[in-house]
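Beneath this line is the structure, given in structure tokens, with notes to follow.
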Amino acid sequence: MDLLNTLVDKGLRRELPTREEALAVLATSDDDLLDVVAAAGKVRRHWFGRRVKLNYLVNLKSGLCPEDCSYCSQRLGSKADILKYTWLKPDDASKAAAAGLAGGAKRVCLVASGRGPTDRDVERVSDTIKAIKEQNEGVEVCACLGLLSDGQAERLREAGADAYNHNLNTSESTYGDITTTHTYADRVETVNKAHAAGLSACSGLIAGMGESDEDLVDVVYSLRELDPDSVPVNFLIPFEGTPLAKEWNLTPQRCLRILAMVRFVCPDVEVRIAGGREVHLRSMQPLALNLANSIFLGDYLTSEGQAGKADLEMIADAGFEVEGTDEVTLPEHRAAAGAGICGSHEGAGCGSAEDTGCGSHEAGGCGSREAAGCGSHEGAGVCGSAAAPAAGTKAAGDPRTDLVAVRRRGAGTDLAPNA
Numbered sequence: 061m062d063l064l065n066t067l068v069d070k071g072l073r074r075e076l077p078t079r080e081e082a083l084a085v086l087a088t089s090d091d092d093l094l095d096v097v098a099a100a101g102k103v104r105r106h107w108f109g110r111r112v113k114l115n116y117l118v119n120l121k122s123g124l125c126p127e128d129c130s131y132c133s134q135r136l137g138s139k140a141d142i143l144k145y146t147w148l149k150p151d152d153a154s155k156a157a158a159a160g161l162a163g164g165a166k167r168v169c170l171v172a173s174g175r176g177p178t179d180r181d182v183e184r185v186s187d188t189i190k191a192i193k194e195q196n197e198g199v200e201v202c203a204c205l206g207l208l209s210d211g212q213a214e215r216l217r218e219a220g221a222d223a224y225n226h227n228l229n230t231s232e233s234t235y236g237d238i239t240t241t242h243t244y245a246d247r248v249e250t251v252n253k254a255h256a257a258g259l260s261a262c263s264g265l266i267a268g269m270g271e272s273d274e275d276l277v278d279v280v281y282s283l284r285e286l287d288p289d290s291v292p293v294n295f296l297i298p299f300e301g302t303p304l305a306k307e308w309n310l311t312p313q314r315c316l317r318i319l320a321m322v323r324f325v326c327p328d329v330e331v332r333i334a335g336g337r338e339v340h341l342r343s344m345q346p347l348a349l350n351l352a353n354s355i356f357l358g359d360y361l362t363s364e365g366q367a368g369k370a371d372l373e374m375i376a377d378a379g380f381e382v383e384g385t386d387e388v389t390l391p392e393h394r395a396a397a398g399a400g401i402c403g404s405h406e407g408a409g410c411g412s413a414e415d416t417g418c419g420s421h422e423a424g425g426c427g428s429r430e431a432a433g434c435g436s437h438e439g440a441g442v443c444g445s446a447a448a449p450a451a452g453t454k455a456a457g458d459p460r461t462d463l464v465a466v467r468r469r470g471a472g473t474d475l476a477p478n479a
């Protein structure tokens, strides 16, 4: 297919595809899907080899958010029966992080629900960052705290933060349909503040909220222009109790095409499969590793994820390897020369943290969205350690509410986390 040959050539040269080419990827047929994956896989392997970076989420403060993001179980007015708790103490957060690091994670993503942090909140998170780094040598830490005020990004970096996450989520033209309590421009401003402070910037999207192909291309092109080091791709989990609970628009094939389009538009950027992979990719998750070079390990913010052991087995079985703490994620041209510089931006310091990760929105996103389904809980289906549903129990395209479960372990509970 001439389109795919052209996109591979452009990806190897870091050349931006045309909008028409990006739209054409999303419009390819299921018959051509494996060809699309193979082509985008060539670009992924050129820049990232067969390495998969593991990231681990710690939800520092859950629920009770004043923002009205329609996709979020922690939003204002949410009826979702999620865990609700205030700030974890630094030592408790460090213990939660240690579980993920022991499971193979290289980066810890610290998330807190809310519009944005107060200066006191920044102090709390700074203490947590210091505790994690003192107790876990070589760990990378990303913060996801919402809209930043002047000077806060600099304070987080001084405390040892390597990266900051704040997602665009959807196109500028449709943003007001998803959230009304802040603007698309507010998000862009926060990403730019992270850049300016020398933090490695992470910003991504949520697919499956009823957006058009044009909307998806718009947001990915906007991300390319913002030039984050990491782009998390979330797939909406229609969490009961949220306004988007009935939006079941994704198939595994659709998810793979979206990931391929992101890889072609952002060829040398760390692309992370974030929330919703277990629910929407299901048994096709291993194919997605040919497109993305990073995932979250274990549970998400307010929902269960695939069992950590299953993640590691999936990576190995698919012929990939977990990225080590001594390996640099980004290609050499993006990982700027000199120790302590990880971004492609001037002065983009952050230790060895060459990618970032974590959030889907400032009110508790962190890569998973707030509902990222399945895992080892009862009824976990194809992605967890529990038995899969009997053949024929669900038709293709049917809502898979059986793959969504509220997180009841880990941070904010007395139970051991899934890592």
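Numbering (this note's numbering), first residue to last: 61 to 479.
Ideal Cβ placement from N, Cα and C applies to all residues, glycine included.
Since the model is a prediction, treat every value here as computed from it, not as a measurement.
**OP:** Taking 8 angstroms as the cut-off, decide whether the C-beta atoms of Lys-121 and Ala-153 are in contact.
**Re:** For the purposes of this step, residue 121 is taken as residue 61 along the sequence shown, with counting starting at 1. For the purposes of this step, residue 153 is taken as residue 93 along the sequence shown, with counting starting at 1. Result no, Cβ atoms of Lys-121 and Ala-153 do not sit closer than 8 angstroms.
Subject >> Inter-stretch contact (C-beta, 8 angstroms, three-pair minimum) for the region 74-93 and the region 134-144 >> reply: no
Original post:
When the Cβ atoms of the region 94-105 are set against those of the region 344-351, are three or more pairs found closer than 8 angstroms?
Top reply: yes
**OP:** Following the continuous alpha helix (DSSP H) through Arg-184, name the residue where it begins and the one where it ends.
**Re:** If you number the sequence shown from 1, residue 184 lands on position 124. Run containing Arg-184: 179-195, per the alpha helix (DSSP H) assignment.
Subject >> The beta strand (DSSP E) enclosing Ile-266, as first and last residue numbers >> reply: For the purposes of this step, residue 266 is taken as the residue at position 206 of the sequence shown. Per DSSP, Ile-266 belongs to the beta strand (DSSP E) from 265-267.
Subject >> Stretch-stretch touch, CB-based, cutoff 8 angstroms, three pairs: the region 324-336 with the region 273-287 >> reply: yes
Original post:
What number of angstroms, rounded off, separates the C-alpha of Thr-78 from the C-alpha of Arg-469?
Top reply: Your numbering for residue 78 matches position 18 in the sequence shown. Your numbering for residue 469 matches position 409 in the sequence shown. Their Cα atoms are separated by approximately 45 angstroms.
Subject >> Euclidean distance between Cα positions of Gly-441 and Ala-367 >> reply: Position 381 of the sequence shown, counted from the first residue, corresponds to residue 441. Position 307 of the sequence shown, counted from the first residue, corresponds to residue 367. For Gly-441, the predicted structure reports a pLDDT of 35, less than 50, and the residue's modelled location is therefore unreliable. A value from the coordinates is still provided. Those two C-alpha atoms are separated by around 12 angstroms.
Original post:
Skipping 5 residues on each side, what residues in its chain have a beta carbon closer than 8 angstroms to that of Ala-450?
Top reply: Within the sequence shown, residue 450 is the residue found at index 390, counting from 1. For Ala-450, the predicted model reports a pLDDT of 45, less than 50, meaning its position is unreliable; a value from the coordinates is still stated below. Hits under 8 angstroms: none found.
**OP:** Only counting runs of 4 or more residues, tell me where the alpha helix (DSSP H) segments fall wholly within the region 111-151, in order along the chain.
**Re:** none
Original post:
Under the DSSP definition of a beta bridge, which residues are partnered with Ala-261?
Top reply: Translated into positions along the sequence shown, residue 261 becomes position 201. Ala-261 is bridged to Tyr-224.
**OP:** Classify Ala-397 as buried or exposed, calling it buried when 16 or more other Cβ atoms lie within 10 Å of its own Cβ.
**Re:** One-based indexing of the sequence shown puts residue 397 at position 337. Residue confidence is low: Ala-397 scores 34 on pLDDT, short of 50, so the model does not pin down where it sits. Its coordinate-derived value is still stated next. Exposed, by the Cβ-count rule.
Original post:
Under the three-state reduction of DSSP, which class applies to Ile-489: helix, strand or coil?
Top reply: No answer is possible for residue 489: it lies beyond the span of the chain, which begins at 61 and ends at 479.
Original post:
What span of residues does the beta strand (DSSP E) with Ser-354 cover, start to end?
Top reply: For this step, residue 354 is matched to residue 294 along the sequence shown. 354-356 is the extent of the beta strand (DSSP E) around Ser-354.
Original post:
Terminal residues of the continuous alpha helix (DSSP H) containing Cys-169?
Top reply: Here residue 169 refers to the residue found at position 109 when the sequence shown is read from its first residue. Here Cys-169 belongs to no alpha helix (DSSP H); instead the beta strand (DSSP E) covers 167-172.
Subject >> Length of the line joining the Cα atoms of Ser-343 and Gly-264 >> reply: In the sequence shown, the residue the question calls residue 343 occupies position 283. In the sequence shown, the residue the question calls residue 264 occupies position 204. Cα to Cα, Ser-343 sits roughly 24 angstroms from Gly-264.
Original post:
Where are the beta strand (DSSP E) runs, 3 residues long or more, that stay fully inside the region 357-385, in chain order?
Top reply: none
**OP:** Pick out whichever of Leu-283, Val-464, Leu-351 has its Cα sitting closest to the Cα of Ser-133.
**Re:** As a first step, residue 133 is located in the sequence shown; it is residue number 73 there, counting from the start. The option with the nearest alpha carbon to Ser-133 is Val-464.
**OP:** Can you tell me which of the three DSSP states Pro-292 falls into?
**Re:** Position 232 of the sequence shown, counted from the first residue, corresponds to residue 292. The answer is strand: DSSP assigns Pro-292 an E or B state.
**OP:** Given a cut-off of 8 angstroms, decide if Arg-110 and Gly-379 are closer than it, judged by their beta-carbon atoms.
**Re:** Working through the sequence shown from its first residue, we reach residue 379 at position 319. Working through the sequence shown from its first residue, we reach residue 110 at position 50. Contact flag set, yes.
**OP:** Tell me whether Pro-126 is buried or exposed, calling it buried when 16 or more other Cβ atoms sit within 10 Å of its Cβ.
**Re:** As a working note, residue 126 is residue 66 in the sequence shown. Exposed, because fewer than 16 other Cβ atoms sit within 10 Å of the Cβ of Pro-126.
Original post:
Can you tell me whether DSSP reads Arg-105 as helix, strand or coil?
Top reply: Here the question's residue 105 lines up with position 45 in the sequence shown. Residue state, collapsed to three classes: helix.
Original post:
Does the beta-carbon distance from Asp-222 to Val-201 come in below 8 angstroms?
Top reply: By 1-based counting over the sequence shown, the position of residue 222 is 162. By 1-based counting over the sequence shown, the position of residue 201 is 141. Result yes, Cβ atoms of Asp-222 and Val-201 sit closer than 8 angstroms.
Subject >> Where Leu-161 falls, given that 16 or more other Cβ within 10 Å makes a residue buried >> reply: Position 101 of the sequence shown, counted from the first residue, corresponds to residue 161. Result: buried.
Subject >> Those residues which DSSP pairs with Ile-333 across a bridge >> reply: Locating residue 333 in the sequence shown gives position 273, counting from the first residue. Note: Ile-333 sits in a beta bridge opposite Val-293, Ile-355.
Original post:
For Arg-332 versus Ser-363, is the C-beta spacing smaller than 8 angstroms?
Top reply: For this step, residue 332 is matched to residue 272 along the sequence shown. For this step, residue 363 is matched to residue 303 along the sequence shown. Result no, Cβ atoms of Arg-332 and Ser-363 do not sit closer than 8 angstroms.
Original post:
In terms of DSSP beta bridges, what is Val-201 paired with?
Top reply: Counted from its first residue, the sequence shown places residue 201 at position 141. Val-201 pairs with Val-168.
Original post:
For Glu-438, does the count of other Cβ atoms within 10 angstroms reach 16, so buried, or fall short, so exposed?
Top reply: Translated into the one-based positions of the sequence shown, residue 438 becomes position 378. Unreliable positioning characterises Glu-438 in this predicted model, as indicated by a pLDDT of 35, which lies under 50. A coordinate reading is not provided.
Subject >> 7 angstroms CB neighbourhood of Met-374 in its chain, flanking five on each side removed >> reply: Within the sequence shown, numbered from 1, the residue matching residue 374 stands at position 314. Closer than 7 angstroms at the Cβ level, and outside the excluded window around Met-374, lie Gln-345, Pro-346.
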